[in-house]
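Chemist: So the sequence shown is residues 1434 to 1725, counted in our numbering.
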Amino acid sequence: MMRFIHILLALLVVLSVPLAVSAQQDSLSVGTATAAAGQKAMGFLEVPAGLDAATQIPVVIVRGAKPGPTLALVSGAHGTEYASIIALEELIARLNPQQLSGTVILLPLVNIASFELKVPHVNPVDGKSMNRFYPGKSDGTQTERALFQITKQVVDRCDYLIDFHGGDLDESLRPYSYWVLIGNKKQDDISREMALAFGLDHIIISADRPKDLNATRYLDNTAAMRGKPSIAVEAGSAGTTEPEDVEALVRGSFGVMRYLKMLPGEARFVEKPVWIENVLDSPSPLAGIFYP
Ligand SMILES: [Zn+2]
């Protein structure tokens, strides 16, 4: 009997571990998506009609079985930067909530109209770039109302953020990331390590983003100015979906999750990145064909 009670107690201890852990992670709702601990859920950020039409931005929550930080991954502000959009689709499929500590909020396609109409750079509904009007406005045009929802529902809820881009239909680029500095050493060090853990070997030091909280313009800067370490990453260009570009973005995201202790395993930092401090525009003096 004593032995039976011992076994019973041992069983209770074993059983109580997962129960106690999941109890620390309540369900989370973002837009119409609600995920309990250990679940994935899909829904939409509803952007109500205003000066122009309403829209819906798809959102996926991967709620880890174990507690931990919240990481936001956002792509498709430019809906024709396909490699970054496909990378988030891959992550949605591959992230396993049972292995995850914390929560990943994914917005795989912010700019639906750009994607559907194959319009680069802007939201064709109002002609605005969906990465230049943060923190958004509740009474603005569709882009501003959409960014207002992203700021309130995603940026304000996350602890860390990565914004995904690539060369647009008319752009050529090699993969790189932006390290967003705001002048707070502790936060800036974390952002720097996120960029190194992401693993792209060219990193632009982005220290000149606007500091006005009401005109932060860019998503990475909007998160950083609200105290959330943040980077932007770029891979793919000119309408392509090369597997190595998509994989670099997926692998980098898993690397940052390991750095943040959201996934088991050691983070590995890119060893000798090329740090780029000055970015120069070099416009052509005449029209013609450019041979890089
Ligand atoms: Zn972009």
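Glycine residues also receive a C-beta, built at the ideal position from the N, C-alpha and C atoms. Predicted model only: the values in this text are computed from it and were never measured.
Here's the rule I'm using: 16 or more other beta-carbon atoms within 10 Å means buried, otherwise exposed. How should I1722 be labelled?
Modeler: Exposed is the call here.
Chemist: If the criterion is Cβ atoms closer than 9 Å, does the pair L1594 and A1671 meet it?
Modeler: Result no, Cβ atoms of L1594 and A1671 do not sit closer than 9 Å.
Chemist: For A1668, which residues of its own chain have a beta-carbon under 6 Å away from its beta-carbon, when the five flanking residues on both sides are left out?
Modeler: Result list for A1668: A1516, G1599, P1608, D1678, A1681, L1682, in chain order.
Chemist: Alpha carbons only, please: which of S1663, G1660, A1628 is nearest the one belonging to R1701?
Modeler: Nearest C-alpha to R1701: A1628.
Chemist: Where P1481 and P1541 are concerned, what is the direct C-alpha to C-alpha distance, given to the nearest angstrom?
Modeler: Each residue's alpha carbon lies about 20 Å from the other.
Chemist: Relative to the alpha-carbon of G1497, which residue among D1459, T1574, P1718, P1491 has its alpha-carbon at the smallest distance?
Modeler: Cα-wise, what sits closest to G1497 is D1459.
Chemist: Could you check whether the Cβ of A1510 sits closer than 8 Å to any heavy atom belonging to ligand 1?
Modeler: Yes, the Cβ of A1510 comes within 8 Å of a heavy atom of ligand 1.
Chemist: Just to confirm, are T1655 and V1555 a CB contact at a threshold of 9 Å?
Modeler: No, these two residues do not count as a Cβ contact at 9 Å.
Chemist: Taking Y1611 as part of the beta strand (DSSP E), name the residues at either end of that continuous run.
Modeler: Looking at the DSSP string, the run of the beta strand (DSSP E) that includes Y1611 is 1609 to 1613.
Chemist: Beta-carbon within less than 7 Å of L1550's beta-carbon, same chain only, minus the 5 sequence neighbours each way: which residues are those?
Modeler: Closer than 7 Å at Cβ, skipping near neighbours: P1557.
Chemist: Please report how far the alpha carbon of G1660 lies from the alpha carbon of L1719, in whole angstroms.
Modeler: Rounded to whole angstroms, G1660 to L1719 spans 44 Å at the Cα level.
Chemist: Contact between the stretch 1469 to 1486 and the stretch 1530 to 1537: three or more CB pairs below 8 Å?
Modeler: As far as the Cβ criterion goes, the stretch 1469 to 1486 touches the stretch 1530 to 1537, which means the pair count is three or higher.
Chemist: Tell me whether M1435 is buried or exposed, calling it buried when 16 or more other Cβ atoms sit within 10 Å of its Cβ.
Modeler: Here the model assigns M1435 a pLDDT of 43, short of 50, so the residue's position is not dependable and the matter cannot be decided.
Chemist: Where do the N-terminal and C-terminal ends of the beta strand (DSSP E) with A1474 fall, by residue?
Modeler: That run of the beta strand (DSSP E) goes 1472 to 1480.
Chemist: For D1596, does the three-state DSSP call read helix, strand or coil?
Modeler: Of the three classes helix, strand and coil, the one that applies to D1596 here is strand, per DSSP.
Chemist: If we call anything under 9 Å between Cβ atoms a contact, is A1546 one with L1478?
Modeler: No; because the gap between Cβ atoms is not below 9 Å, this pair is not in contact.
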